[in-house]
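For the sequence shown, my numbering begins at 1 and goes up steadily by one.
Report on one structure; see the data block that follows.
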Amino acid sequence: MDERELSFAASAIQNADSVVALTGAGVSTASGIPDFRSEDGLWTEYDPNDFHISRFQADPEGFWRERVDLVEDLFGNDVEPNAAHEALTELEESGHLDALITQNVDGLHQEAGSDDPVELHGNGQRVACTGCNRRFDADPVFERARGGDLPPTCEHCDDVLKPDVVLFGEQLPEHERFRAHSLSESADVFLAIGSSLTVEPAASLPETAADRGATLIIVNLDSTGLSGHAEYDFREDVTEAVPRLADAVIDSDPRT
Ligand code: ZN
Numbered sequence: 001m002d003e004r005e006l007s008f009a010a011s012a013i014q015n016a017d018s019v020v021a022l023t024g025a026g027v028s029t030a031s032g033i034p035d036f037r038s039e040d041g042l043w044t045e046y047d048p049n050d051f052h053i054s055r056f057q058a059d060p061e062g063f064w065r066e067r068v069d070l071v072e073d074l075f076g077n078d079v080e081p082n083a084a085h086e087a088l089t090e091l092e093e094s095g096h097l098d099a100l101i102t103q104n105v106d107g108l109h110q111e112a113g114s115d116d117p118v119e120l121h122g123n124g125q126r127v128a129c130t131g132c133n134r135r136f137d138a139d140p141v142f143e144r145a146r147g148g149d150l151p152p153t154c155e156h157c158d159d160v161l162k163p164d165v166v167l168f169g170e171q172l173p174e175h176e177r178f179r180a181h182s183l184s185e186s187a188d189v190f191l192a193i194g195s196s197l198t199v200e201p202a203a204s205l206p207e208t209a210a211d212r213g214a215t216l217i218i219v220n221l222d223s224t225g226l227s228g229h230a231e232y233d234f235r236e237d238v239t240e241a242v243p244r245l246a247d248a249v250i251d252s253d254p255r256t
C-alpha cells in the first residue's frame, strides 16, 4: 500500500460526513473460517441442497443433523475476531465509521465490539423460532441438537427453531436490505472489504454509493467486480491493510 495513496484515502475518511463499510467472506477467512465458494470450499464437502429452505421445511430433523456437522466445520476451532474486525471497531469508536454492513454470519464483528452491524445474511450465533419469531442464543440449542434433541423446538411455543441465517432459497431480510441500501445512498465514503463484489446485493451497494458521488475504497486480495470504479483499490491482505488504514485515519486526525 503506497503511503501517499494511504494518506489520501485516510483523509477522505476523515473529511466524510458518512462512512459506510461492507465486509465479505475475506474478513472471515482471515479468522480461519472456511470459504464456501472457493475451489476447495465447503460446498465440495456438503451439498448446498441439504441447506435449502425447502429441505428445512420438509425435513427439519435431517436438516438439523447435518447443520450441526456443518457448523462444527465452520466454527469448530473457536474462531476469534482478527485485526481487520478490530480495526473496524476502532474506526467506529473513534467516530470515523458510521455504519457497518456485513455479508458474514459468524458474529465476529459484534464479538470485536461493533455496535449494531447490518447483517445481510443473518447471524449464525442466533436461532429464530419459526412460530413466535423469538431469537435465542445458538450455542445451547446446538448443544441440545448434538445431544439428539432433533429438531430443537421453542420452549415458548414448541415450534421448530431455525438458525437465524438466510438459507438457500430464502430472501434477504427486508429490513436489513433496506437499511443497507439507504446507508449506501447517503455514504460519502464507501469501504468495501474482503468481498469480490460479484454477488448481490454486495455488488450493488458500493455501486449505488459510487453513483451518488461517494469515494469508493476497496481492500481485497484480488481484483473485484468494481475495481474499475474505485478511487482506491488496495489489493492486500485485509488484516494488514485495514489496520494500517484505520491507524492513518485515527493518528492523523486533527480532532484528537
Ligand atoms: Zn416460539
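For each residue, glycine too, the CB sits at the ideal point set by N, CA and C.
query                                                                                                            : result
Where I33 sits in the DSSP three-state scheme                                                                    : coil
C-alpha distance - D253 paired with A12, whole-angstrom precision                                                : 11 angstroms
Distance cut-off 7 angstroms: D164 Cβ against heavy atoms of the ligand ZN                                       : no
For Q57, the three-state DSSP class (helix, strand or coil)                                                      : helix
D149: CB within 7 angstroms of a non-hydrogen atom of the ligand ZN                                              : no
CA-to-CA distance, A9 to N15, given in whole angstroms                                                           : 10 angstroms
Counted within 10 angstroms of its Cβ, other Cβ atoms place T102 as buried (16 or more) or exposed               : buried
Contact test: D159 Cβ vs the ligand ZN heavy atom, cutoff 7 angstroms                                            : yes
Segments assigned beta strand (DSSP E), at least 3 residues, entirely inside the stretch 205–234                 : 215–219, 232–234
Sequence-distant residues of its chain with Cβ nearer than 8 angstroms to H85 (five each side left out)          : V27, S31, L108, H109, E111, A112, S114
Check: H121 C-beta below 7 angstroms from any heavy atom of the ligand ZN                                        : no
In chain order, each beta strand (DSSP E) run of at least 3 residues that lies wholly inside the stretch 149–215 : 161–165, 189–193
Same chain, Cβ closer than 8 angstroms to A55, neighbours up to 5 away in sequence not counted                   : The residue you asked about is not Ala; residue 55 is Arg in the sequence shown. Within the same chain, R55 has close Cβ partners N49, G62, F63.
Contact test: R134 Cβ vs the ligand ZN heavy atom, cutoff 7 angstroms                                            : yes
Every unbroken alpha helix (DSSP H) inside the stretch 100–153 [4 residues or more]                              : 108–111, 138–146
Any non-hydrogen atom of the ligand ZN closer than 7 angstroms to H156 Cβ                                        : yes
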